[in-house]
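For the sequence shown, my numbering begins at 88 and goes up steadily by one. Cβ coordinates follow ideal geometry from the N, Cα and C atoms, glycine included.
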Amino acid sequence: MKPKLKILIVDNQKINRKILSRFLSDFYEIIEAENGRSALATLRSQKGTISAVLLDPIMPIMNGYDVLKEMSKNPEMAAIPVIVISQDNKEDSEIKALQMGARDFISTPYNPKILRRRLSNLIELYQSNLCIGHIERDTLTGIYTKDAFYRHATEILGSNPTTPFTLVATDIERFKLVNDSFGSATGDELLQYIAKILQHDSLQLHGICARHSEDHFMILVPKCADDENMHSFIDAAQKELNQFPLNMKISLKFGVYLIKNLQTPVPIMCDRALLAAESVKGHYEKSYAYYDDSIRQRLVREQQIIDEMKSSLEKNRFQVFLQPKYDLTNEKIVGAEALVRWTHPKLGALNPGEFIPLFEHTGFITELDEYVWNHTCEILESWNQKGLPHIQVSVNVSRKDIYQENLPEIIWNIVKRHELQPSQLHLEITETAYTENAGQLISVVNELKKIGFLIEMDDFGTGYSSLNMLSELPIDILKLDMRFMNSIKKGALQKNKHNILEFIISLAKWINLQVVAEGVESKEQADFLCKLGCNYAQGYYYAKPMPVDEFTKLLNNSDIEIPSIPPNC
Ligand code: C2E
Ligand code: CA
Ligand code: CA
């Protein structure tokens with residue numbers, strides 16, 4: 088049998104309480120209170136269990152109107168339906184009671200059957216609202232859930248068709264890092280904190296706010312269409328967020344969708360706002376973007392790339408190109424870097440700068456890299472068989488590859504299969520891998536070094552961790568980021584930047600690392616680097632990346648030097 092719902096009867100006259108009790112006790116569990124004060128005490132002590140209140144408006148100590156007033160201040164009590172049962176049937180009393188939050192007013196003498204019916208209707212309504220209210224709220228943050236937001240936003244837009252509205256999505260930059268570094272309890276606190284800020288700010292603007300998914304929030308506000316409004320809204324939210332006590336800068340990225348067509352379903356509008364927010368992730372100088380058609384077009388193109396990647400790999404559509412590396416002192420070839428090339432069946436030749444980040448995002452990069460490593464080892468094996476000098480070729484190891492548990496074993500097996508020495512294959516790892524997960528990188532690099540691979544630190548000087556990293560990672564070669572070459576531009580040497588370059592090269596010498604300069608495009612740059620003591624260079628000044636056949640011809644016709652790189656263990 089279902090337990091009976093509880094009803095609170097509040098009346099100073101015992102006889103009235105007993106009469107009501109008699110009518111209702113077959114259907115409800117009855118609790119009695121003889122004045123307003125004890126009624127409120129009961130509501131507090133029995134929080135959440137009372138389904139309705141029958142209230143006498145005139146009582147000593149605390150009257151029924153004051154009970155209604157107190158109940159209205161408390162969100163949980165305010166939702167409990169109250170029927171005022173009055174000895175007089177004056178219109179004024181009825182209006183007063185209803186204005187103060189009573190749901191119904193019944194005057195004596197009353198028909199017990201009608202009273203029971205009205206009571207049960209009200210309770211039913213209250214219970215269904217309670218259910219909706221509960222499901223509508225996100226359990227962690229207390230703000231609307233995604234579905235509730237869709238429902239309310241659709242209603243608001245539908246009933247205000249002439250008011251311009253703006254939908255704003257937010258995305259927390261590097262939220263996963265917060266969870267990883269500080270624990271998920273801190274992550275949860277951060278989400279609650281952000282929800283509070285956004286809820287407050289959106290209410291100020293007469294809007295609504297929801298937690299759309301894990302670390303995404305959604306806001307619908309009227310008239311936020313101009314840039315200045317949006318800017319101050321974002322600025323204020325970011326300033327408040329800076330107060331969150333965490334030893335890491337948290338920044339919010341915002342995507343703005345200006346609602347122009349009310350026929351577009353709200354979930355699609357939200358997706359678009361989120362895409363706009365995503366488009367500024369990783370851009371330190373930008374905190375928000377408006378959704379526009381270029382974002383949509385970019386996504387369509389990205390999808391075309393993703394759609395073709397697997398079948399292109401199966402059909403050997405990816406090619407390995409080689410770009411030679413030279414000794415700066417005598418301009419002899421010392422090695423090469425393997426760089427992938429792809430002619431997409433629909434989009435034509437694509438720049439790795441476009442598809443590699445996408446493959447890193449989807450995880451496909453691990454498959455592609457393995458393909459490139461295999462192919463590169465095949466090339467080295469064929470040169471060995473032809474009796475060509477055993478030059479070293481470097482391959483790129485994406486930061487995503489580092490997360491593979493058995494990465495050293497995978498590369499070692501490839502090298503063994505092609506009967507190569509591990510020292511013939513250099514591994515280029517970008518500096519950002521260290522910023523992302525230093526511990527994992529250190530242990531993987533140590534393993535690789537044990538096998539005998541030589542490690543080149545790619546794009547050195549772009550991350551934030553350069554000096555720290557040098558003391559922790561047993562690398563062999565520093566590959567200077569291409570941007571340093573800008574400091575050795577024709578005619579004007581940029582003093583500060585080239586001072587840094589000079590410092591890095593001398594530091595590398597001091598800790599026994601060899602230095603490769605990348606992106607060398609002029610004789611002037613090559614001469615300058617040579618003067619600073621940089622060992623090797625790679626760049627268009629010498630040669631562009633080229634197909635393997637062309638490179639093999641170049642090897643046959645060039646002076647070659649096999650450098651002896653002292654492993655830096
Ligand atoms: P990266 O590893 O820093 O490779 C050097 C890039 O600089 C190459 O671009 C190369 O063509 C270009 N480059 C070489 N010399 C010059 C020069 O003198 N001037 C200029 N402006 N550029 C020069 P590419 O081939 O477009 O590759 C871009 C990036 O894509 C690479 O940067 C690397 O991060 C990634 N990548 C390329 N192939 C692979 C691969 O097989 N696996 C992985 N994980 N990443 C790859
Ligand atoms: Ca590289
Ligand atoms: Ca590089």
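Item, Value
"Those residues, in chain order, that have a beta-carbon closer than 6 Å to some heavy atom of ligand 4", "This structure lacks ligand 4; its bound ligands are ligand 1, ligand 2 and ligand 3."
"Given Thr522 as reference, the closest of Leu560, Ile382 and Gln214 once Cα atoms are compared", "Leu560"
"Rounded separation between Phe341 and Asp143 - CA only", "52 Å"
"Buried versus exposed call for Ser587 [16 or more other C-beta atoms within 10 Å across all chains shown]", "This sequence places Ile at residue 587; Ser is not what is there. With fewer than 16 other Cβ atoms within 10 Å, it is exposed."
"Cross-strand partners of Trp429 (DSSP beta bridge)", "Phe405 and Leu437"
"Rounded straight-line distance, which links the Cα of Pro432 to that of Gly620", "45 Å"
"Own chain, CB closer than 7 Å to Ser289, minus 5 neighbours either side, in chain order", "Ile295, Cys296, Ile306 and Val308"
"Tyr627 beta carbon near ligand 1 (any heavy atom closer than 7 Å)", "yes"
"Start and end residues, beta strand (DSSP E) containing Leu290", "Element bounds for Leu290: not the beta strand (DSSP E) but the alpha helix (DSSP H), Ser271 to Gln291."
"Test item: CB-CB of Asp302 and Phe262 under 8 Å", "yes"
"Sequence-distant residues of the same chain with beta carbon closer than 8 Å to Tyr152, five excluded per side", "Pro144, Lys183, Ala184 and Met187"
"From Arg131, Asp179, Glu242 and Glu178, residue whose alpha carbon lies closest to that of Ala165", "Arg131"
"Cβ neighbour criterion (16 or more within 10 Å) applied to Met335", "exposed"
"Residues bridged to Val484 (per DSSP)", "Ile516"
"Distance between beta carbons of Tyr237 and Pro354, contact taken as under 8 Å", "6 Å"
"Residues bridged to Thr257 (per DSSP)", "Phe304 and Phe341"
"Distance cut-off 7 Å: Glu424 Cβ against heavy atoms of ligand 2", "yes"
"Expected contact under 8 Å - CB spacing of Ile478 and Ala423 to nearest Å", "7 Å"
"Contact check, Glu534 vs Lys566, beta carbons under 8 Å", "no"
"Contact belief for Leu514 with Val482 at Cβ below 8 Å, rounded distance in angstroms", "6 Å"
"8 Å Cβ cutoff met for Phe114 and Arg203", "yes"
"Spatial distance of Ser469 from Ile598 (CA atoms)", "36 Å"
"Pairwise C-alpha distance: Gly229 and Ile106", "41 Å"
"Whole-angstrom distance between Glu447 and Gly578, CA atom to CA atom", "Per-residue confidence for Gly578 stands at a pLDDT of 49, beneath the threshold of 50, marking its modelled position as unreliable; the derived number appears in the next sentence. Roughly 39 Å separates the two Cα atoms."
"Assumed close pair Pro439, Val421 - CB separation to whole angstroms, cut-off 8 Å", "With a Cβ gap of about 23 Å, Pro439 and Val421 do not count as contacting."
"DSSP-derived helix/strand/coil call for Glu372", "coil"
"Burial state of Thr253, where buried means 16 or more other Cβ atoms lie within 10 Å", "buried"
"Rounded straight-line distance, which links the Cα of Ile167 to that of Ala282", "27 Å"
"Nearest residue (CA-CA) to Asp646, options Val607, Asp414 and Lys503", "Asp414"
"Where the alpha helix (DSSP H) through Ile647 begins and ends", "Segment: none, Ile647 is in no alpha helix (DSSP H) and carries neither H nor E."
"When Leu292, Thr226 and His299 are compared against Ala256, the one with the closest alpha-carbon", "His299"
"Unbroken beta strand (DSSP E) run spanning Tyr623, endpoints", "Tyr623 to Gln625"
"Under the three-state DSSP convention, the category Pro476 falls into", "coil"
"Check: Asn266 C-beta below 7 Å from any heavy atom of ligand 2", "no"
"When Ser558, Glu648 and His585 are compared against Phe571, the one with the closest alpha-carbon", "His585"
"Assumed close pair Ala139, Ile170 - CB separation to whole angstroms, cut-off 8 Å", "7 Å"
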